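Chains as they are written, first to last, in the numbering used here: chain A, 384 to 492; chain B, 152 to 265.
Comments concern the structure below.
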């Protein structure tokens with residue numbers, strides 16, 4: 384089983400709708416969970432971090448964590464064309480971060 | 152503030168050549184990392200360092216070497232370049248607390264080996 388698994392997409396969402404991105408992880412001892420956004424040809428940019436079960440909201444972004452199910456999700460409300468990118472789910476292990484392969488999100492104008 | 156600076160941005164190498172990818176950070180971060188990213192394959196850890204003088208292997212270290220003589224610099228050395236090393240290379244850093252708070256990434260180096 385891969386350490387961090389994501390659906391590669393592409394996920395197509397109409398502008399103004401909610402985009403839902405999902406991720407599962409295998410290491411139960413992971414304590415920190417991240418979502419990075421990566422535009423084509425650019426470096427990853429940290430957009431959300433979450434450390435405890437439940438929801439964490441930041442503007443249009445909400446991260447959700449369920450440690451019992453080893454599941455992390457990212458919701459993007461009122462999706463904009465500028466949200467079109469690849470979203471990388473990541474978890475920490477010791478002093479390192481393990482990344483999923485990413486989900487490509489396409490916002491349809 | 153510069154953050155994490157990588158040079159060069161692009162490079163074409165011939166098979167068997169060597170080169171050093173430079174990475175410098177000005178945030179006084181203890182932890183530094185090198186990842187490679189192949190299309191559709193996510194980021195894979197090559198080497199990392201938890202402080203000056205300390206380095207350790209990641210998931211895909213073969214064909215690479217690193218050194219960490221100062222807090223600021225973490226160069227990645229490719230010896231005897233091979234086509235399999237064609238990739239985009241990212242350097243990243245994080246403060247004390249390591250990976251718990253996420254990374255700051257450099258802008259990347261796109262390397263092609265022909």
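In this text, a Cβ means the ideal position worked out from N, Cα and C, and glycines have one as well.
No experiment lies behind these values; they were computed from the predicted model shown.
Against chain B, the beta carbon of residue 392 of chain A has no neighbour under 7 angstroms; the closest one sits roughly 11 angstroms away. Within the DSSP bridge table, the entry for residue 183 of chain B names B:200 and B:244 as partners. The beta carbon of residue 153 of chain B sits closer than 7 angstroms to the beta carbons of 177 from its chain, once the five residues preceding and following it are set aside; these are given in chain order.
Under the three-state reduction of DSSP, residue 427 of chain A is assigned to coil, being neither helix nor strand. Looking only at B:166, B:157, B:160 and B:208, the smallest Cα-Cα distance to residue 234 of chain B is reached by B:166. If you compare the alpha carbons of A:392, A:387, A:425 and A:455 with that of residue 431 of chain A, the shortest gap goes to A:455.
The C-alpha of residue 251 of chain B lies about 36 angstroms from the C-alpha of residue 164 of chain B. With respect to residue 419 of chain A, residue 387 of chain A sits apart: the two C-beta atoms are not nearer than 7 angstroms. Looking at the backbone, the Cα of residue 183 of chain B and that of residue 225 of chain B are separated by about 7 angstroms. Under the DSSP assignment, residue 225 of chain B falls outside any beta strand (DSSP E); it carries neither an H nor an E label.
DSSP lists no bridge partner for residue 210 of chain B. Taking the C-beta atoms as reference points, residue 229 of chain B is found nearer than 7 angstroms to residue 170 of chain B.
Think of a sphere of 7 angstroms around the beta carbon of residue 475 of chain A: the chain B residues whose beta carbon falls inside it are 250 and 251, in chain order. Taking residue 445 of chain A as reference, the option from A:477, A:399, A:460 and A:429 with the minimal CA-CA separation is A:460.
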